[in-house]
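Quick notes on the structure that follows.
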Ligand code: GDP
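Written out as structure tokens, the structure is:
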């Protein structure tokens, strides 16, 4: 499970401060050294860790905290707040268009979980009373269209497809016309991925973006790839301008480095997290809940 060892280490380190009636600067510095190591071992971006530790120290070392009745608790509270801040402070929701349909474009590398996540997202919206339409724009990966159709039919959501002989830009355009006619208020476009970022992929995504003007461009990244996920997010954001990230495979990511770094590095929020292959295994991302989970 995500943050398993980080949570254990932080709770142990900070637990030592808890009982102390008084804290010295040395106590705080020692604890912060251990926190720093734990974060680095969790594969959190080096610069992010450095800034985080400085922020905590700046707030923790000082008269008010150290002379308080429960200085250890105060330091833990500061760590909790800074962790929450690191992950974006508050939940970032999808901005639904004031006049529907809301167009959401999902992009990411092959295998990140785009097709699965498209279905998960559609299922979530349906539960909230929306009438989504899924659009199959991944015409390159064999079986991607079929996969989306299977996902769609298992949760009762229509899938718009024009096979694999049409240009994805045309498919997306036609899908929106179709969705408007059929009263779909959310249109989720599943785009193609590649094993690595390349020019062709980026050009195609840019063309779709220019043509359909999505309200949200969400990048799907695999949490298990750690700092690579952060680099992918940076590259997609620079090129395409993303509105947020969906982090998948948190169930397989024991360290959590991507979850703790992406927001700080890219300034773009994590909007949803996925914790399994099943279609209901998606949830909105709450930075405060995640921080509390780490600190126990
Ligand atoms: P795409 O190439 O980006 O469209 O990726 P797919 O949607 O085909 O997903 C690739 C693989 O990852 C599939 O086997 C999915 O079942 C799996 N997968 C997707 N999301 C998750 C997740 O949150 N947890 C786990 N364990 N597997 C996932």
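Residue numbers (our numbering): 6 to 301.
Don't be surprised by glycine CBs; every beta carbon is placed ideally from N, CA and C.
Give the range of the alpha helix (DSSP H) segment to which residue i is assigned.
| i | result |
| --- | --- |
| residue 173 | 173-186 |
| residue 265 | 262-271 |
| residue 214 | 204-217 |
| residue 38 | 30-46 |
| residue 71 | 68-71 |
| residue 76 | 76-91 |
| residue 126 | 119-132 |
| residue 20 | 9-23 |
| residue 58 | 51-65 |
| residue 158 | 149-159 |
Give the range of the beta strand (DSSP E) segment to which residue i is assigned.
| i | result |
| --- | --- |
| residue 141 | 137-141 |
How about residue i and residue j: do their beta carbons lie closer than 7 Å?
| i | j | result |
| --- | --- | --- |
| residue 274 | residue 191 | no |
| residue 195 | residue 123 | yes |
| residue 141 | residue 166 | yes |
| residue 296 | residue 85 | yes |
| residue 53 | residue 118 | no |
| residue 71 | residue 28 | yes |
| residue 139 | residue 168 | no |
| residue 89 | residue 242 | no |
| residue 184 | residue 106 | yes |
| residue 4 | residue 177 | Past the boundaries of the shown model lies residue 4; the chain is included only from 6 to 301, so the question cannot be answered. |
| residue 135 | residue 287 | no |
| residue 228 | residue 200 | no |
| residue 301 | residue 276 | no |
| residue 109 | residue 193 | yes |
| residue 302 | residue 266 | What is shown of the chain runs 6 to 301, which leaves residue 302 out entirely. |
| residue 11 | residue 47 | yes |
| residue 66 | residue 13 | no |
| residue 174 | residue 211 | no |
| residue 96 | residue 291 | yes |
Quick one: what's residue i bridged to in DSSP?
| i | result |
| --- | --- |
| residue 110 | 194 and 222 |
| residue 289 | 277 |
| residue 165 | 140 |
| residue 256 | Answer is none; residue 256 lacks a bridge partner. |
| residue 302 | One cannot answer for residue 302 here, as it falls past the ends of the chain, which runs 6 to 301. |
| residue 250 | 224 and 275 |
Measure how close the beta-carbons of residue i and residue j come, nearest whole angstrom, since I'm counting them as under 8 Å.
| i | j | result |
| --- | --- | --- |
| residue 299 | residue 279 | Contact flag wrong, Cβ pair sits at about 19 Å. |
| residue 246 | residue 113 | Incorrect: roughly 15 Å between the Cβ atoms, too far for contact. |
| residue 230 | residue 202 | The Cβ separation is near 13 Å, so there is no contact. |
| residue 120 | residue 152 | 5 Å |
| residue 232 | residue 50 | 6 Å |
| residue 33 | residue 15 | Not confirmed; about 14 Å, so no contact. |
Take every Cβ of the region 259-266, pair it with every Cβ of the region 62-75, and state whether three or more of those distances are shorter than 8 Å.
The answer is no - the region 62-75 does not touch the region 259-266, with fewer than three Cβ pairs under 8 Å.
If we count Cβ pairs, one from each stretch, closer than 8 Å, do we get three or more for the region 50-59 versus the region 6-16?
The region 6-16 and the region 50-59 do not touch, with fewer than three beta-carbon pairs separated by less than 8 Å.
Any contact of the region 75-83 with the region 145-154, i.e. 3+ C-beta pairs under 8 Å?
Because the criterion of three Cβ pairs below 8 Å is not met, the region 75-83 and the region 145-154 do not touch.
Please confirm if the region 91-103 is in contact with the region 209-224, defined as three or more CB-CB distances below 8 Å between the two stretches.
With a cut-off of 8 Å, the region 209-224 and the region 91-103 count as touching, because enough Cβ pairs lie within range.
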